[in-house]
Amino acid sequence: MNPEILQKVEQALSEVRPFLQTDGGDVSLVEISDDLTVKIRLHGTCVGCNVNQITLKAGVETTIKKYVPDVKEVIQVA
217 MNPEILQKVE QALSEVRPFL QTDGGDVSLV EISDDLTVKI RLHGTCVGCN
267 VNQITLKAGV ETTIKKYVPD VKEVIQVA
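Residues in the sequence shown are numbered from 217 upward in steps of one, following this note's numbering.
1. Among Pro234, Glu247, Val290 and Asp250, which has the Cα closest to the Cα of Ala274?
2. Given Leu252, which residues of its chain have a CB within under 6 Å of its CB, disregarding the five upstream and five downstream residues?
3. Whose C-beta lies closer than 8 Å to the C-beta of Val296 among residues of the same chain, with five residues either side of it excluded?
4. Taking the alpha helix (DSSP H) that Ser230 falls in, what are its first and last residues?
5. Helix, strand or coil for Val276, going by three-state DSSP, please let me know.
Dropping the structure here:
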């Protein structure tokens, strides 16, 4: 994996992390595949939250794609 892409994805997660932590949640990077699919894991209150898919798309995925526009998709893994 390209270290520059990894760094940019981590920067994006650092940008959204405070918002998730405010509600008792968090996010971590699991993997970035060769086709630029990003796998993340939500933690804390984000795990059982009914709006976590909205959070994923609206917050996390949008922010990651702002930093790395070539990202294909962001997938939440358990």
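We treat Cβ as the ideally placed atom computed from N, Cα and C, and that holds for glycine.
Since the structure is predicted, the reported quantities are computational estimates derived from the model, not experimental observations.
Reading it off the structure:
1. On the sequence shown, residue 274 is found 58 positions in, with the first residue counted as 1. Of Pro234, Glu247, Val290 and Asp250, the residue nearest in Cα terms is Val290.
2. The residue labelled residue 252 in the question sits at position 36 within the sequence shown. Excluding residues within five positions, the ones whose Cβ falls inside 6 Å are Asp286, Val287 and Lys288.
3. Past the boundaries of the shown model lies residue 296; the chain is included only from 217 to 294, so the question cannot be answered.
4. Counted from its first residue, the sequence shown places residue 230 at position 14. Here the alpha helix (DSSP H) through Ser230 covers Pro219 to Thr238.
5. Counted from its first residue, the sequence shown places residue 276 at position 60. Looking at Val276 - three-state DSSP - the assignment turns out to be helix.
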